[in-house]
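Protein chains: 2
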Amino acid sequence: MSMSFYTADSLKAELHERGWRLTPQREIILDIFQNLAAGKHLSAEELCDLLQTEGHDISLSTIYRTVKLMARMGILRELELAEDHKHYEINQPHHHHHHLICVRCNQTIEFKNDSVLKIGDKTSKKEGYHLLDCQLTIHAVCPACQRSILPV
Amino acid sequence: MSMSFYTADSLKAELHERGWRLTPQREIILDIFQNLAAGKHLSAEELCDLLQTEGHDISLSTIYRTVKLMARMGILRELELAEDHKHYEINQPHHHHHHLICVRCNQTIEFKNDSVLKIGDKTSKKEGYHLLDCQLTIHAVCPACQRSILPV
DNA sequence: ATTTAAAAGAGAGTTATTCTCAATAAGGCT
DNA sequence: AGCCTTATTGAGAATAACTCTCTTTTAAAT
């Protein structure tokens, strides 16, 4: 959580610290997430499509490997939005936000709350953990689904 | 979040409200979760095994259907613990807690924090949502994994 | 007791994600 | 500038969690 913005160089340095390499694929994928509108997130498939429309043919294997790697480095946040696949977004404290999700229709609202990150910091520090990300996820039923009589 | 303890009768009433039925399978599965030690959670497979050791042959299909149903009713919490499958636990405000997860070794620490539920209540109310559950999930690197030089 | 539709069971089907392995290339070293 | 080691990529097969389909069973209203 120390870094607030990533460049190809900072990514390279962080990778080299661990004996890893900066590849064109990694640089391109980081770039995609950096330039995404605030709060926008992508699934692996969506990322693959977006890369292709921009003329970058990066294999699905590499995409899955890269987003997982970057999530474990704290560069990306891995989101579980009540769907059957994960979403990823850039992890920047400035834009740190949380999700209120309708369990019936999956409609999602983002919200901010400053005390959440403080709780995350305090808790991880207390246990000696190195914080990467903390997310408050609220499962609820949206107004429209409350009105509907339909099942589930 | 209004209810703090479930009985076969209260489950029956809630099901009937929506034109559904109380089956022996649903009653047994609710019972399993009620009697689980505080903070203990189960995957669908683990629940299936536990049911079998207690002499209840409930099909995997029914188990998956039931835990999802109960999560959507707010009776169970659906947890994503950095593994490739979901875990479920009973949803009781008294024992409401959160998870600090090591993204490398998956070791998980539970912690309590009273303000989280307040934030969840406030946020969902503000948006007109009906709260079912809220969880603060912290992704971090545990002390042991910080010391190890091993990858990821 | 009869009726109706919800639910269970069994197993096939789906799909997100991971794994395998040969080919490629990053980056340290000389 | 070229060589060498090994991390990484790409392609497709494999895995596994979960859902779907369809028939049979059964809850519960009448």
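In order, the protein sequence lines correspond to chains A and B. Sequential numbering of the first sequence, starting at 66, is according to this note's numbering. Sequential numbering of the second sequence, starting at 66, is according to this note's numbering. Cβ coordinates follow ideal geometry from the N, Cα and C atoms, glycine included.
For Glu-145 of chain B, the enclosing beta strand (DSSP E) has its first and last residue at 141–145. Contact annotation: Ile-140 of chain B and Tyr-71 of chain B have beta-carbon atoms nearer than 8 Å. According to DSSP, Phe-70 of chain A shares a beta bridge with no other residue. Three or more beta-carbon pairs separated by less than 8 Å are not found between the segment 177–191 of chain A and the segment 83–91 of chain B, which leaves the two stretches without contact. Put simply, the CB of Asn-178 of chain B is near chain A, with a gap under 8 Å to one of its CB atoms.
For the segment 196–215 of chain B, the beta-carbon criterion of a distance under 7 Å to any beta-carbon of chain A is satisfied by Leu-196, Leu-197, Asp-198, Cys-199, Gln-200, Leu-201, Thr-202, Ile-203, His-204, Ala-205, Val-206, Cys-207, Pro-208, Gln-211. Per DSSP, Val-168 of chain B is not a residue of any beta strand (DSSP E), being assigned neither H nor E. Taking the Cα positions, Ser-75 of chain B is about 29 Å away from Phe-176 of chain B. With respect to the 8 Å criterion, His-163 of chain B and Gly-104 of chain B are not classified as neighbours on the basis of their beta carbons. Close to Tyr-153 of chain B, with beta-carbon spacing below 9 Å, lies no residue of chain A; the smallest spacing is near 13 Å. For Glu-111 of chain B, the enclosing alpha helix (DSSP H) covers residues 109–118. Judged by DSSP in its simplified three-state form, Ile-203 of chain B adopts strand. Residue environment analysis places Leu-107 of chain A among the buried positions, since at least 16 neighbouring C-beta atoms fall within 10 angstroms of its C-beta.
The three-state secondary structure of Leu-125 of chain B, taken from DSSP, is helix.
Here the alpha carbons of Lys-187 of chain A and Tyr-194 of chain A stand approximately 10 Å from one another. Contact between the segment 204–215 of chain B and the segment 167–176 of chain B is established, with three or more Cβ pairs separated by less than 8 Å. Contact check for Leu-201 of chain A and Asn-171 of chain A: beta-carbon distance about 18 Å, past the 8 Å limit, so the pair fails to qualify. For the segment 164–190 of chain B, the set of residues with a beta-carbon nearer than 8 Å to any beta-carbon of chain A comprises Leu-165, Cys-167, Val-168, Arg-169, Ile-174, Phe-176, Asn-178, Ser-180, Val-181, Ile-184, Gly-185, Thr-188, Ser-189, in chain order. The shortest CA-to-CA distance from Leu-197 of chain A to any of A:Met-135, A:Asp-122, A:Thr-173, A:Leu-116 is the one to A:Met-135. Counting only the Cα atoms, Leu-125 of chain B lies some 8 Å from Glu-110 of chain B. Nearest to Cys-199 of chain B by alpha-carbon distance, out of B:Glu-143, B:Lys-133, B:Ala-102, B:Ile-128, is B:Glu-143. Taking 8 Å as the threshold, the shortest C-beta distance from Glu-92 of chain B to chain A does not fall below it. Taking a contact as a CB-CB distance under 8 Å, the pair Leu-112 of chain A and Ile-128 of chain A counts as one, their CB atoms being some 6 Å apart. A distance below 8 Å between beta-carbons, with the five flanking residues on each side excluded, links Leu-116 of chain B to the following residues of its chain, in chain order: Ile-93, Ile-94, Ile-97, Asp-122, Ile-123, Ile-128.
In the structure shown, Lys-151 of chain A falls within a strand segment according to DSSP collapsed to helix, strand and coil. Taking 8 Å as the CB threshold, Gly-104 of chain A stays off the interface with chain B.
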